[in-house]
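Counted from 1, the sequence shown has number 342 at position 323 by this note's numbering; the numbering is strictly sequential.
Each residue gets a CB set at the ideal place from its N, CA and C atoms; glycine is no exception.
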Amino acid sequence: MTRTAARVDGGSPGVAGPSGLVANGRPETVPQSALRRRWQLARWILDPTGYLRDQVRHGKDSFQVSVFGDAMGSGSVFLLTEPKSIQALMSRDTGSEFSSPGELNLILAPLLGVRNTILLSGAAHRHRRQLVMPRFHGEHLQNYARVIERITRQEMASWPQEGVISVREAMQRISMGVILEVVFGLGQAERHGELESLLTRRLAMTATPLTSAVLFFPWLQKDFGPLSPGHRISQLAAQTDALLYAMIAERRAQPLGERLDVLSMLLEARDEAGEPLSDEDVRDELITLLVAGHETAATSLTSALYWLHRTPHALDRLRSELEAAGVGAEPMKLPYLTAVGQEALRLHPVAMLSFARQVETPVEIAGQCYEPGDLLMACIYLLHQRPDLYPEPQSFRPERFLERQFSPYEYMPFGAGVRRCVGAALAQMELKIVLATVLGEMDFESANARAVPQARRGVTLGHGAPVRLRRIPRQRATAPAAAL
Ligand code: HEM
């Protein structure tokens, strides 16, 4: 039986266009040998941005990829790079046309477990989001502003008067401190140190493009003896679990009182069936928030500091804005600082892709027909590189965010729809407060002789070499006030 594809945008079915559609409007796919598929996967792992840029050289706004192997089941996977198509997908991902099953994110299970916001589906996913989201909004966020500034100042106090700072490590200590306090609250300094060390070691295992391969080949995660990566992964996982379960047990034994942290909230919560969350649920959610909230924030801070110190006019303009605002200024209200954060996340989107959405009914987007079971993802990296939206897309130009507004489907570092990032507001606030606190008091110059390329870091986009800044004596900004 032939089914008619529902149109969710202005395209027309069955039209063979310049992008090489076949008669029924399905994107043309070139059969690939097993060897070619392996080559594509190697490129996606080792040079993800090069791989993505190559795909759009053929002028297509959406294209099929075969780099996820078994990680996502048997559905064909397509990446969308054009705002209207992405809107058609992400504004209808609640069930009847597209769904967003957590099982599609199984690649993250070795890191996060399966009973968490990212891997849950349907009603359980909705319920968990409703539980977690309020802790990252409103008055809670205001409390975190003070935490972020305090932790940033503690870190700055450890920096030498002169000499070079390893930016990622410093930003990682800040973002780890912030997320530990948000998730666990104050008062467990010893436990925090232990957890920080375990998480850092665990994440370091996928910190380079090559070691990230462990996530793409499940067999590499098996324990083949003391020298295998699988052995180290399972040892670190067991130690982390033991610590988290001990923290959960201690907290269960205490009166929760007025505690506002995420752990206390999870212990008080009920699931969609009215039952308390199990220790496994709590553990999986805790580790998800710790990992998602710490790696991503550290990368975006590193990226903003890197680009600012390679773009003198942007650094000068930001410093002028901070000087004019003075001590005690409200960083959230500074327009150029906001634009710097936005541009850092445009040029370096930590998540190159959204999570996958699954097609539920035959559907057409921009003249291309998709079948039930097909998997569609927004390619955030390529969307942010579109020259029609962002002229000179490789340049760091915060001004573009002051000159025009971008729709939620033109600029989407935090995704959109039912899986939009839970920590988006916290991450944006952290970016601004850390930059304002550091650059409001200290001056640096780049200590990288060469440009630092973007490179895979686990499932995210990180840096291919250490970003380093050299501290220099304090100088006055020279950007004219009129530029602000
Ligand atoms: C610069 C920092 C960050 C970036 C760029 C980022 C980006 C993203 C993206 C692109 C998604 C997928 C959205 C989609 O598929 O539509 C996502 C989901 C998520 N993020 Fe973030 N994120 C950041 C920080 C954080 C923080 C600080 C937290 C936690 C405190 C967090 C927790 C999550 C969670 C739990 C999800 C899954 C949501 C769901 O499945 O419903 N993220 N993030």
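Quick one: does the C-beta of residue i sit closer than 7 angstroms to a heavy atom of the ligand HEM?
| i | result |
| --- | --- |
| HIS482 | no |
| PRO432 | yes |
| ARG111 | no |
| LEU308 | yes |
| ILE198 | yes |
| ALA370 | yes |
| ARG251 | no |
| ARG365 | no |
| THR315 | yes |
| LEU54 | no |
| VAL441 | yes |
| ARG192 | no |
| PHE87 | no |
| SER373 | yes |
| LEU98 | no |
| SER319 | yes |
| ILE167 | no |
| LEU279 | no |
| ARG187 | no |
| HIS144 | yes |
| GLY436 | yes |
| ALA358 | no |
| THR330 | no |
| PHE415 | no |
| ARG148 | yes |
| THR68 | no |
| PHE82 | no |
| ILE126 | no |
| THR225 | no |
Let me check understanding here. Comparing Cα to Cα, which of the options lies closest to residue i?
| i | options | result |
| --- | --- | --- |
| THR415 | VAL96, PHE243, SER253, THR330 | First, the residue type needs correcting, since residue 415 is Phe and not Thr in the sequence shown. The shortest C-alpha separation from PHE415 is found at THR330. |
| GLU304 | HIS144, THR113, LEU458 | HIS144 |
| VAL183 | ARG490, ALA446, ALA256, ALA358 | ARG490 |
| SER465 | TYR325, SER373, VAL86 | TYR325 |
| PHE374 | SER52, PHE97, SER119 | SER119 |
| PRO350 | ASP393, LEU308, THR456 | THR456 |
| GLY442 | MET461, THR259, LEU308, TYR400 | LEU308 |
| GLY483 | SER231, LEU372, MET91 | SER231 |
| GLN59 | LYS79, PHE87, VAL75 | PHE87 |
| THR318 | LEU125, SER81, GLN258, GLN191 | GLN191 |
| VAL378 | LEU99, GLU116, VAL75 | GLU116 |
| ASP112 | VAL75, ILE452, ARG376 | ARG376 |
| GLU362 | LEU372, CYS398, GLN413, GLY392 | GLN413 |
| SER185 | ASN467, GLN494, THR479, ARG495 | ASN467 |
| ALA508 | GLY293, SER85, ILE452, CYS398 | Outside the displayed span of the chain (20 to 503) sits residue 508, for which this structure offers no information. |
| CYS398 | LEU65, ARG56, ILE64, VAL84 | VAL84 |
| LEU327 | PRO417, ARG62, GLN424 | PRO417 |
| PRO485 | LYS79, HIS211, GLU188 | GLU188 |
| GLU390 | SER93, ASP66, GLY69 | SER93 |
| HIS313 | THR497, LEU450, LEU401 | LEU450 |
| ALA292 | ARG469, ARG56, ARG147, PRO67 | ARG147 |
| ALA142 | GLN161, VAL133, GLY114, LEU160 | GLY114 |
| GLY436 | ALA107, SER81, GLN494, THR68 | ALA107 |
| THR479 | ILE198, VAL310, LEU337 | VAL310 |
| ASP410 | LEU366, MET396, LEU394 | First, the amino acid is wrong: residue 410 is Pro here, not Asp. Looking at the Cα atoms, LEU366 is the closest of the given residues. |
| GLU340 | GLY132, GLU299, ALA496 | ALA496 |
| ALA370 | PRO432, LEU421, LEU125 | PRO432 |
Touch check for the segment 219 to 227 and the segment 345 to 355: three-plus C-beta pairs under 8 angstroms?
-> no
Does the count of Cβ pairs from the segment 332 to 350 and the segment 465 to 475 closer than 8 angstroms reach three?
-> no
Could I get the ranges of all uninterrupted beta strand (DSSP E) runs contained in the segment 403 to 471, with 3 residues as the minimum, in chain order?
-> 462 to 465
Are the segment 164 to 179 and the segment 286 to 305 touching by the rule of at least three beta carbon pairs closer than 8 angstroms?
-> no
With a cut-off of 8 angstroms, do at least 3 Cβ pairs link the segment 371 to 388 to the segment 442 to 456?
-> no
Counting pairs of Cβ atoms below 8 angstroms between the segment 199 to 216 and the segment 260 to 280, do you hit three or more?
-> yes
Would you check if there are 3 or more beta carbon pairs closer than 8 angstroms linking the segment 135 to 153 to the segment 400 to 412?
-> no
Are the segment 244 to 256 and the segment 214 to 221 in contact at 8 angstroms, needing three or more beta carbon pairs?
-> yes
Uninterrupted beta strand (DSSP E) stretches inside the segment 54 to 110 (no shorter than 3 residues) = 81 to 84, 96 to 99
Cβ pair count under 8 angstroms reaching 3, the segment 413 to 430 against the segment 95 to 114 | yes
Where are the alpha helix (DSSP H) runs, 4 residues long or more, that stay fully inside the segment 250 to 314, in chain order?
-> 281 to 287
Enumerate, from N- to C-terminal direction, the unbroken beta strand (DSSP E) stretches of 3 or more residues contained entirely within the segment 167 to 253.
-> 182 to 185
Give, in chain order, every unbroken run of the alpha helix (DSSP H) that is at least 4 residues long and sits entirely within the segment 336 to 398.
-> 354 to 366
Entirely within the segment 112 to 168 and at least 3 residues each: give me those beta strand (DSSP E) ranges in chain order.
-> none
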